[in-house]
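Protein chains in written order, with our numbering: chain A, 76 to 359; chain B, 76 to 359.
Below: one structure, written as structure tokens.
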């Protein structure tokens, strides 16, 4: 979806924005901390507002799932602080992140908390906003394209469709682990689209539970790995083949699973382009 | 959330993009039709990619829920075709829209099909993409900030929260009408956030059915009217007060209803600014 020239164009665009810094943020957006969604990976899927906040920031506190291309929009003097969470190996605890944001904001710096996807969809943006507000700070939340929307668009999967899906439910694979049983009967109901974030490791159990609760084994399913990046892969399968597909293709995080009739629209034309995007440039 | 100066800045930004037209779209994005999400209303919530497609378009086919501020990014010579749907009064049928897109694309024009929110979330983008592809055209889908994400960010409502909501479900109020009964038991399950699009007219029935299926009457609920625009109103209530709140405040479409524990975070500071944005500049 992206032309090779786009990153260069975007940098020019960034320079154009820098030329008119500092922009007046206005009274309504003058909060010292902006919690900003970085979108699913493709830097062109940043919103204009996110780009502007990023360019104005003194300090950018970011996760693992924020691409180097997105971080490149920061102004040269901005401090970038990585607080990413790899599974099981947290670089910083949530408490440490909260303290960090608070410290920089109180020191009078323009702080951007940059999160992959949308800050309010499995991003813990709510907890961070709550913490900052409880300490008297103003917080602005800038939404981002969440992985479900970004990956669906890139893979040709409409999340809703008058003939097939009247609802879309977003859940995480963590939530489908045995120790945190979701309402499988609710998730297995037909006529909706299910998008599972962080669901690679638990794909086999998810498929098994959904089938056990009545979802047809032949229900279309798709896997979108590194969606919207140059390394995107789209794998089309069925619910009863999901686990095997994930295993055989060696799917790795970040990826979303899409389950429901609409997954049949997946463009299974895997795009295995050269890794023009660094490994960290990945979608949530 | 928006400073008064922003529209001007955006126009400058638009001019900067125009200066380097025509941009190479590259082989992967060379489809003659781009189905583009315009986001929830605030023009700064357009993605960079959407802005670029809009600026490159010869023909823009748009809905009612696309603001004049967004349309202003089109180049001066571009043709704008309104195909909006007001409830019960379709300006054009879906068949007419499909034929229109096809005709302009086959005539060699760069066509942007611009839709409020995200084209694949209650936007019929899937049907239009299907139709165009069936007729041999390449289609690119550019995701947009869907109303749920835009309104949640603007109203301070995290859609998911480790303590309160492990899933988020998007549905329409149309789907909750008596003739198209949804799975109320599924929607009424606790621990999730429910976002109802186009749900103003059916708010009373929605609340009644959810309570009848076991959702607690005191479940927090919020209404976000014209979310992310200058006319945004946020109303915080409870599920059993939802219908009365909607009626007493005279809530009108476009609006989303948010039901679930996280709705308690709603910033009920109604922002009734001067109508700086024209009435059509409304969020899906």
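Idealized CB from N, CA, C, for every residue including glycine.
Taking the C-alpha atoms as reference points, what is the distance between residue i and residue j?
i              : j              : result
residue 170(A) : residue 209(A) : 14 angstroms
residue 167(B) : residue 191(B) : 16 angstroms
residue 332(B) : residue 138(B) : 22 angstroms
residue 226(B) : residue 149(A) : 26 angstroms
residue 258(B) : residue 264(A) : 8 angstroms
residue 81(B)  : residue 124(A) : Its pLDDT being 40, under 50, residue 81(B) is placed unreliably by the model, and the measurement read from it follows with that caveat. Each residue's alpha carbon lies about 10 angstroms from the other.
residue 296(B) : residue 244(B) : 14 angstroms
residue 156(A) : residue 131(A) : 16 angstroms
residue 322(A) : residue 140(B) : 43 angstroms
residue 207(A) : residue 213(A) : 7 angstroms
residue 112(B) : residue 294(A) : 28 angstroms
residue 268(B) : residue 143(A) : 32 angstroms
residue 200(A) : residue 292(A) : 36 angstroms
residue 283(A) : residue 146(A) : 39 angstroms
residue 211(B) : residue 107(B) : 11 angstroms
residue 277(B) : residue 256(A) : 32 angstroms
residue 237(B) : residue 175(B) : 46 angstroms
residue 54(B)  : residue 304(B) : Within the shown structure, residues of chain B are numbered from 76 to 359, placing residue 54(B) beyond reach of any answer.
residue 241(A) : residue 246(B) : 6 angstroms
residue 281(A) : residue 316(A) : 12 angstroms
residue 205(B) : residue 320(A) : 26 angstroms
residue 326(A) : residue 151(A) : 35 angstroms
residue 233(B) : residue 266(A) : 26 angstroms
How would you write the range of the beta strand (DSSP E) that residue i sits in, first residue to last?
i              : result
residue 215(A) : 214-217
residue 318(A) : Element bounds for residue 318(A): not the beta strand (DSSP E) but the alpha helix (DSSP H), 317-324.
residue 110(B) : 108-112
residue 154(A) : 154-157
residue 334(A) : 330-334
Can you check whether the CB of residue j is closer than 7 angstroms to the CB of residue i?
i              : j              : result
residue 298(B) : residue 328(B) : no
residue 248(A) : residue 273(A) : yes
residue 153(B) : residue 172(B) : no
residue 239(B) : residue 337(B) : yes
residue 194(B) : residue 216(B) : yes
residue 235(A) : residue 270(B) : no
residue 306(A) : residue 231(A) : no
residue 184(B) : residue 133(B) : yes
residue 279(A) : residue 311(A) : no
residue 222(B) : residue 118(B) : no
residue 122(A) : residue 120(B) : yes
residue 300(A) : residue 313(A) : no
residue 224(A) : residue 218(B) : yes
Taking the alpha helix (DSSP H) that residue i belongs to, which residues open and close that run?
i              : result
residue 125(A) : 123-131
residue 136(B) : Per DSSP, residue 136(B) belongs to no alpha helix (DSSP H); it is in the beta strand (DSSP E), 134-137.
residue 187(A) : Premise fails: residue 187(A) lies in the beta strand (DSSP E), 186-190, not in any alpha helix (DSSP H).
residue 281(B) : 278-287
residue 145(B) : 143-146
residue 260(A) : 259-262
Which class does residue i belong to by DSSP, given the choice of helix, strand or coil?
i              : result
residue 292(B) : coil
residue 199(A) : coil
residue 229(B) : helix
residue 174(A) : helix
residue 308(A) : strand
residue 269(A) : strand
residue 140(A) : coil
residue 245(A) : strand
residue 205(A) : helix
residue 234(A) : coil
residue 337(B) : helix
residue 313(B) : strand
residue 342(B) : coil
residue 224(B) : helix
residue 119(B) : helix
residue 240(B) : strand
residue 297(A) : strand
residue 179(B) : helix
Judging by CA-CA distance, which residue of the options is the nearest neighbour of residue i?
i              : options                           : result
residue 177(A) : 155(A), 189(A) and 203(A)         : 203(A)
residue 324(A) : 275(A), 151(A) and 283(A)         : 275(A)
residue 188(A) : 286(A), 233(A), 129(A) and 147(A) : 129(A)
residue 228(B) : 220(A), 229(A) and 224(A)         : 220(A)
residue 110(B) : 186(B), 308(B) and 304(B)         : 186(B)
residue 288(B) : 277(B), 304(B) and 261(B)         : 261(B)
residue 290(B) : 326(B), 246(B), 335(B) and 316(B) : 335(B)
Could you check whether the Cβ of residue i sits closer than 6 angstroms to any heavy atom belonging to the ligand SAM?
i              : result
residue 170(A) : In terms of ligand content, the structure shown is empty, and the ligand SAM therefore cannot be addressed.
Contacting positions in the segment 175-203 of chain B - beta carbon closer than 9 angstroms to chain D: Of the chains in the structure shown, none is chain D; the protein chains are A and B.
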